[in-house]
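Asker: There's a structure below that I have some questions on.
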Amino acid sequence: MEHRVLDVEQRGEVEWVTLNRPDTGNALNEELVAALVSYFEGLRQREEIRIVVLRAKGKHFCVGLDMGEGAFEAMERSPHSIWAVQREIARIYLAMRKCPQPIISLVQGAACGGGFSLALASDVRIAAEDARMNAAYIKIGLTGCDMGSSYFLPRLVGASVASELLMTGRFIHAPRALAVSLVSDVVPRDGLEAAAHLLAEDMLLTAPMGLRLTKEALNFSVDAPSLDAAMAMEDRHQSLLALTQDAGEAALSFFEKRQPQYRNR
């Protein structure tokens with residue numbers, strides 16, 4: 311499947327999704343927003359895809375909302391129309407968190423504003439050595455809290471670093487992003503694909519349903535009101551998975567010292 315602004319390549323059970331507006335720094339225009347919403351919302355019904363790798367062509371990952379002429383030309387300057395556009399863009403990040411597939415984002419160059427949130431909404435972030443990210447919204451007279459940044463960032467790096475970044479619009483560069491656990495790894499730009507491939511390979515060694523429910527439990531536990539609530543989710547998932555054929559296959563393959571042959575049953 312290929313869109314003009316979004317390329318989608320399926321490699322077995324992994325889909326490589328590439329932002330394809332390199333001449334604009336992969337800025338989010340109406341067409342790219344619609345393509346991302348359609349893609350991520352559609353993943354809920356696609357169990358054959360187990361992992362998504364999100365990346366971008368060109369120098370930058372995504373510089374944020376396209377502020378160029380004609381980017382959102384049909385939008386009127388009224389509270390209702392701006393609200394409608396705001397909510398449409400927000401659908402991207404909500405769909406990223408709700409889809410059952412883990413999302414690995416590969417960040418090179420700048421990831422600003424809505425582009426920063428694409429990385430934040432992913433499950434794992436791998437940065438190129440030249441990566442730099444910021445919540446650019448506050449630099450244009452708005453609040454730094456937009457497109458999930460006030461939700462994702464404190465949970466990833468803690469309240470102090472999140473407050474610093476959201477209240478100033480400062481860039482966080484790859485070395486510091488690694489130091490504060492915003493990203494899992496920093497690699498040379500030409501090593502991004504290989505790093506994602508190795509991570510995806512390890513994920514593919516897990517049972518399909520186990521991987522999906524791990525993402526679900528992690529999302530739930532981030533907001534769980536108590537340890538009891540988080541463990542209740544874990545207990546439900548483990549009890550359910552223990553009865554699957556894949557769990558029996560995993561145990562058998564362990565004792566037989568071979569790779570399991572999962573059937574997603």
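Note that the numbering used here has the sequence shown beginning at 311, numbered continuously upward.
Glycine included, every Cβ here is placed at the ideal spot set by N, Cα and C.
Ignoring anything shorter than 3 residues, give me the beta strand (DSSP E) runs that lie fully in the segment 412–478, in order along the chain.
Answerer: Within the segment 412–478, the complete beta strand (DSSP E) runs of at least 3 residues are 413–417, 420–422, 434–438 and 442–444.
Asker: Over the uninterrupted alpha helix (DSSP H) stretch that includes Asp-545, give me the two end residues.
Answerer: Segment 537–552, the alpha helix (DSSP H) holding Asp-545.
Asker: Using alpha carbons as the reference points, say which of Gly-423, Ala-438 and Ser-432 lies closest to Lys-449.
Answerer: Residue Gly-423 is the option with its Cα nearest to Lys-449.
Asker: Express the C-alpha separation of Ile-359 and Ser-461 in angstroms, rounding to a whole number.
Answerer: Strictly speaking, residue 461 in this sequence is Tyr, with Ser absent from that position. Cα to Cα, the separation comes out at about 27 angstroms.
Asker: With DSSP collapsed to three states, give me the class of Asp-495.
Answerer: Strand.
Asker: According to DSSP, which residues form a beta bridge with Pro-326?
Answerer: It is Trp, not Pro, that sits at residue 326 in the sequence shown. Trp-326 is bridged to Glu-319 and Val-363.
Asker: What does the alpha-carbon distance come out to for the pair Met-311 and Leu-537?
Answerer: Note that Met-311 has pLDDT 46, beneath the 50 cutoff, so the model's placement of it is unreliable and the number below is only indicative. Roughly 43 angstroms between the two C-alpha positions.
Asker: Does DSSP put His-483 in a helix, in a strand, or in coil?
Answerer: DSSP places His-483 in strand when its eight states are reduced to three.
Asker: Can you tell me where the alpha helix (DSSP H) holding Val-532 begins and where it ends?
Answerer: Val-532 -> alpha helix (DSSP H) spans 518–532.
Asker: What separation, rounded to the nearest whole angstrom, lies between the Cα atoms of Ser-388 and Leu-528?
Answerer: Cα-Cα distance, rounded: 38 angstroms.
Asker: Within the chosen definition, does the segment 405–419 reach the segment 353–373 through at least 3 CB pairs nearer than 8 angstroms?
Answerer: A contact exists between the segment 405–419 and the segment 353–373.
Asker: Just verifying my parser: in three-state terms, what is the DSSP assignment at Leu-338?
Answerer: Here Leu-338 sits in strand by DSSP.
Asker: Does the beta-carbon distance from Gly-479 to Ala-431 come in below 8 angstroms?
Answerer: Their beta carbons are not under 8 angstroms apart, which means Gly-479 does not touch Ala-431 by this criterion.
Asker: Take the Cβ of Pro-410 as the centre, count every other Cβ of all protein chains shown within 10 Å, and call the residue buried at 16 or more, exposed below.
Answerer: Buried.
Asker: Using the Cβ count rule (16 or more neighbours within 10 Å means buried), how would you classify Leu-552?
Answerer: Note that residue 552 is Ala in the sequence shown here, rather than Leu. With fewer than 16 Cβ atoms within 10 Å of its Cβ, Ala-552 is classed as exposed.
Asker: Are the segment 537–548 and the segment 479–498 touching, with three or more C-beta to C-beta distances below 8 angstroms?
Answerer: Flag = no, the segment 537–548 and the segment 479–498 do not touch.
Asker: For Leu-346, name the three-state secondary structure that DSSP assigns.
Answerer: Residue state, collapsed to three classes: helix.
Asker: Less than 7 angstroms between C-beta atoms, sequence neighbours within five positions excluded: which residues of the same chain meet that for Gln-571?
Answerer: Same-chain partners within the cutoff: Glu-559.
Asker: So is Gln-355 buried or exposed if we call it buried at 16+ other beta carbons inside 10 Å?
Answerer: The residue is exposed, with fewer than 16 neighbouring Cβ atoms inside 10 Å.
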